[in-house]
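Let me begin by presenting the structure, written as structure tokens, before commenting on it.
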């Protein structure tokens, strides 16, 4: 299945100044498969070192970290020639070998012409315990398949060509809208984990992905316990259920897990965030850029790693999603908000692109806008809900307090004859968020 991440790999490959590339992302989002396919297509040779499966290879890195000697020993270990400029050297699950992580800095300094890609699912934990070569490597983040990648994998390329963008709105025909919404309903259920998408496409049945989602959730807990011996496994297991069910709501530790001390819950949430299973969305007062400069560390919401897992963990009946005329109403709007947040993260392409929202809490008066994004030097609020312009009380409150904001977007299941009403731009839920 084609991933748009390949464009980042190509840009890295062809760069005149190139550092080792470290791909970060949650487990099972497609890192290994994508790099392998890329290496087979664009390089004469591909050498793969899996540090979890081949523990004996760790001994090569326990000596001095001379990259030239390392290459010689890896050639002996693999029986493959490693030629700078012709070979893609792929270090998979590199978090299992901390010395290999440290060695990456010397590759950049001594063999800059060698193409080296490293991938790992729990790199944040390994990076905490070593002196990581920041400035000597390039980081990219890979996430679950987006809705557009899902359409591409489903053979719906023609739909992609006609989808609107929030920054380039265009009319949508009734037949196009109906067709895309049907696919979006399926995506809400299947999600973007490559194994789930493949299982669905191979079987044609939405019910087949339930077992895949079960297995993925279980593997997450296993891996977290493996790499975090001090983790409270019961707390992690509880949050794996309570965080998805809290999407769209302000996080309060006592609500996430009322049976444990706040310190334990806070620590477990931090672990899930480091594992890239949870992404926190902090409140900002939008008084200027960057948005993070005015964000609150204590007031935040969260989204989970994948919409399909959210739907599964929250036990949302797939028939409700398939039959609902309004996807922003499913599970009180949380699934649609998860979708938009997930798409926004993917379009950012880097952890530097954080997510934010706006809320105003005063006695007797509260207002909240689901997301606030910045493009260029401008700020745009984004609401995920159905209804007329007159019912968008919170976003109008934001406009009132910040008249410098020129426009905002409202995303819903509807198809609008009139897209712009005042400062509001009404767009279908599936509109591109780049």
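Residue numbers (this note's numbering): 9 to 442.
Glycine included, C-beta positions come from ideal geometry on N, C-alpha and C.
No experiment lies behind these values; they were computed from the predicted model shown.
Mind checking which residues open and close the beta strand (DSSP E) that includes residue i?
i: residue 416; result: 416-420
i: residue 100; result: 95-100
i: residue 432; result: 432-436
i: residue 303; result: 303-312
i: residue 56; result: 53-58
Checking the sheet assignment: what are the DSSP bridge partners for residue i?
i: residue 343; result: According to DSSP, residue 343 bridges with nothing at all.
i: residue 32; result: 128 and 149
i: residue 365; result: 291
i: residue 389; result: 380
i: residue 286; result: 312
i: residue 404; result: In DSSP, residue 404 forms no bridge with anything.
i: residue 440; result: 173
i: residue 375; result: 368
i: residue 123; result: 96
i: residue 428; result: 433
Starting from residue i, follow the alpha helix (DSSP H) in both directions and report where the run begins and ends.
i: residue 223; result: 217-235
i: residue 114; result: 106-118
i: residue 205; result: 202-211
i: residue 178; result: That residue, residue 178, is in no alpha helix (DSSP H); it is neither H nor E in DSSP.
i: residue 248; result: 241-253
i: residue 275; result: 270-282
i: residue 159; result: 155-161
i: residue 41; result: 39-50
i: residue 446; result: Since the first and last residues shown for the chain are 9 and 442, residue 446 lies out of range.
i: residue 80; result: 75-86
i: residue 214; result: Looking at the DSSP string, residue 214 is not in any alpha helix (DSSP H), and its letter there is neither H nor E.
i: residue 330; result: 326-331
i: residue 263; result: 261-264
So residue i and residue j are in contact, right, with Cβ under 8 Å, and what is the actual spacing, rounded?
i: residue 42; j: residue 11; result: 5 Å
i: residue 155; j: residue 235; result: With a Cβ gap of about 31 Å, residue 155 and residue 235 do not count as contacting.
i: residue 317; j: residue 221; result: 6 Å
i: residue 307; j: residue 291; result: 4 Å
i: residue 255; j: residue 310; result: 7 Å
i: residue 68; j: residue 83; result: Residue 68 to residue 83, Cβ: 11 Å. No contact.
i: residue 388; j: residue 417; result: 6 Å
i: residue 90; j: residue 55; result: 6 Å
i: residue 194; j: residue 214; result: 7 Å
i: residue 14; j: residue 46; result: 6 Å
i: residue 441; j: residue 351; result: 5 Å
i: residue 21; j: residue 53; result: That belief does not hold up - the Cβ atoms of residue 21 and residue 53 are roughly 14 Å apart, past 8 Å.
i: residue 182; j: residue 429; result: The Cβ separation is near 20 Å, so there is no contact.
i: residue 252; j: residue 321; result: 4 Å
i: residue 61; j: residue 112; result: Not really, about 20 Å apart at Cβ, beyond 8 Å.
i: residue 153; j: residue 200; result: 4 Å
i: residue 127; j: residue 39; result: 4 Å
i: residue 400; j: residue 174; result: No, residue 400 and residue 174 are not in contact; Cβ-Cβ is about 16 Å, not under 8 Å.
Looking at residue j and residue i, is the spacing between their C-beta atoms short of 8 Å?
i: residue 30; j: residue 150; result: no
i: residue 171; j: residue 188; result: yes
i: residue 326; j: residue 224; result: no
i: residue 264; j: residue 244; result: no
i: residue 451; j: residue 125; result: This structure leaves residue 451 out entirely; the chain is present only between 9 and 442.
i: residue 332; j: residue 231; result: no
i: residue 101; j: residue 58; result: yes
i: residue 393; j: residue 414; result: no
i: residue 205; j: residue 147; result: no
i: residue 229; j: residue 217; result: no
i: residue 406; j: residue 34; result: no
i: residue 131; j: residue 103; result: yes
i: residue 324; j: residue 419; result: no
i: residue 261; j: residue 249; result: no
i: residue 276; j: residue 239; result: yes
i: residue 412; j: residue 403; result: no
Does the count of Cβ pairs from the stretch 331-346 and the stretch 360-367 closer than 8 Å reach three?
-> no
Any chance the stretch 167-183 sits against the stretch 310-330, with 3 or more Cβ pairs inside 8 Å?
-> no
Does the stretch 18-30 come close enough to the stretch 112-120 that 3 or more CB-CB pairs lie under 8 Å?
-> yes
Three CB pairs or more closer than 8 Å across the stretch 376-392 and the stretch 285-301 = Contact between the stretch 376-392 and the stretch 285-301 is present: three or more C-beta pairs spanning the two stretches fall below 8 Å.
Can at least three beta-carbon pairs, one atom from the stretch 276-284 and one from the stretch 159-168, be found at a separation below 8 Å?
-> no
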